[in-house]
Amino acid sequence: MKKVFAIAICAACALPVLAQSTILPSRSGTIFGPTGLFSVPTADVLTARKFQIGTHFGRDLSTVAVNAGIANFVEIGVAYLDRDDADNRTIASGKVQFIPTGFENLKIGVGVIDIAKAVERTGYIMVTTRAKVPVEVEDTVSQIILHAGYGTGLFREKIIGGAEGVLNGKWRVILEYDGDNVNGGLRYSHDEYLRLQAGILRNQLFFSAGYTMEF
Numbered sequence: 001m002k003k004v005f006a007i008a009i010c011a012a013c014a015l016p017v018l019a020q021s022t023i024l025p026s027r028s029g030t031i032f033g034p035t036g037l038f039s040v041p042t043a044d045v046l047t048a049r050k051f052q053i054g055t056h057f058g059r060d061l062s063t064v065a066v067n068a069g070i071a072n073f074v075e076i077g078v079a080y081l082d083r084d085d086a087d088n089r090t091i092a093s094g095k096v097q098f099i100p101t102g103f104e105n106l107k108i109g110v111g112v113i114d115i116a117k118a119v120e121r122t123g124y125i126m127v128t129t130r131a132k133v134p135v136e137v138e139d140t141v142s143q144i145i146l147h148a149g150y151g152t153g154l155f156r157e158k159i160i161g162g163a164e165g166v167l168n169g170k171w172r173v174i175l176e177y178d179g180d181n182v183n184g185g186l187r188y189s190h191d192e193y194l195r196l197q198a199g200i201l202r203n204q205l206f207f208s209a210g211y212t213m214e215f
């Protein structure tokens with residue numbers, strides 16, 4: 001927990017230096033594959049005809065995942081889990097996004113991680129929306145995006161969620177709660193295709209990268 005707050009403080013100190021207007025796309029896969037924060041999925045999905053290759057490197061778990069937007073509002077994916085304390089496994093996932101009529105800033109995502117139950121089948125529902133930026137930080141934070149929902153299986157039948165603070169066109173600070181731990185870190189969008197992330201996940205340092213392409 002102390003490490004997470006240390007990252008948040010460092011990010012806050014860096015805010016005045018980060019100032020750009022154009023916000024680059026920031027969708028990135030989670031440790032288990034689906035588009036989201038670090039381990040917590042969100043209501044976001046890859047757009048149709050786009051796919052993303054992602055890697056995650058942690059002390060006890062490293063993963064390689066591929067996600068694809070196979071149609072409007074539909075995402076599928078597969079991830080290979082390289083685990084130090086258990087057998088390696090390959091898991092599949094799927095997610096569907098809904099945008100309620102008249103609520104353009106509200107997205108709902110319903111999905112399943114590990115459909116074939118190779119590790120632990122996990123269902124979830126997430127809501128994503130934007131929040132008003134406090135006046136005190138308007139000069140340094142351009143957007144605040146909130147995510148909240150519920151997950152079974154890997155998320156222990158608990159409330160899960162998180163928040164993104166858009167610092168500028170390329171940088172975001174992210175905090176999440178996965179049902180057991182508070183995780184935090186930074187996401188960097190180099191361009192429309194490359195994402196880099198680093199932070200604290202389950203009390204361990206991690207690094208991840210993702211690259212988006214179109215088919």
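Quick note: the sequence shown uses the numbering used here, first residue 1, plus one each step. No residue lacks a Cβ here, since even glycine has one placed at the ideal position from N, Cα and C. All of these numbers come straight from a predicted model, not from anything done at the bench.
Is the Cβ-Cβ distance between residue 92 and residue 115 less than 8 Å?
Yes, the Cβ-Cβ distance between residue 92 and residue 115 is below 8 Å.
Mapping the DSSP letters down to three states, classify residue 66 as helix, strand or coil.
Strand.
Does the distance from the CB of residue 97 to the CB of residue 210 come in under 8 Å?
No.
So, for residue 21: in the same chain, excluding its five sequence neighbours on each side, which residues have a beta-carbon less than 6 Å away from its beta-carbon?
Model confidence at residue 21 stands at a pLDDT of 46, short of 50, so the residue's coordinates are unreliable; what they give is reported in the following sentence. Hits under 6 Å: none found.
CA-CA distance, residue 29 and residue 38?
Approximately 8 Å between the Cα atoms of the pair.
As an exercise, report each continuous beta strand (DSSP E) stretch of at least 3 residues that is fully enclosed by the segment 91-123, in chain order.
With a minimum length of 3 residues, the continuous beta strand (DSSP E) runs that stay inside the segment 91-123 are 106-113.
Counting Cβ pairs, one atom from each stretch, are 3 or more of them under 8 Å apart for the segment 173-184 and the segment 150-160?
The segment 173-184, when compared against the segment 150-160, does touch it at the 8 Å Cβ threshold.
Closest to residue 173 by CA distance: which of 150, 146 and 79 is it?
Checking every option, the nearest Cα to that of residue 173 belongs to 146.
Helix, strand or coil for residue 136, going by three-state DSSP, please let me know.
Helix.
Is residue 210 near the ligand ATP, judged by its Cβ being under 7 Å from some heavy atom?
Absent from the structure shown: the ligand ATP. Ligands present: none.
Between 46, 110, 99 and 166, which lies nearest to residue 296 when the distance is taken from Cα to Cα?
The chain is shown only over 1 to 215; residue 296 falls outside these bounds and no answer can be derived.
Looking at C-alpha atoms only, which residue of 62, 70 and 203 is the closest neighbour of residue 83?
The shortest C-alpha separation from residue 83 is found at 62.
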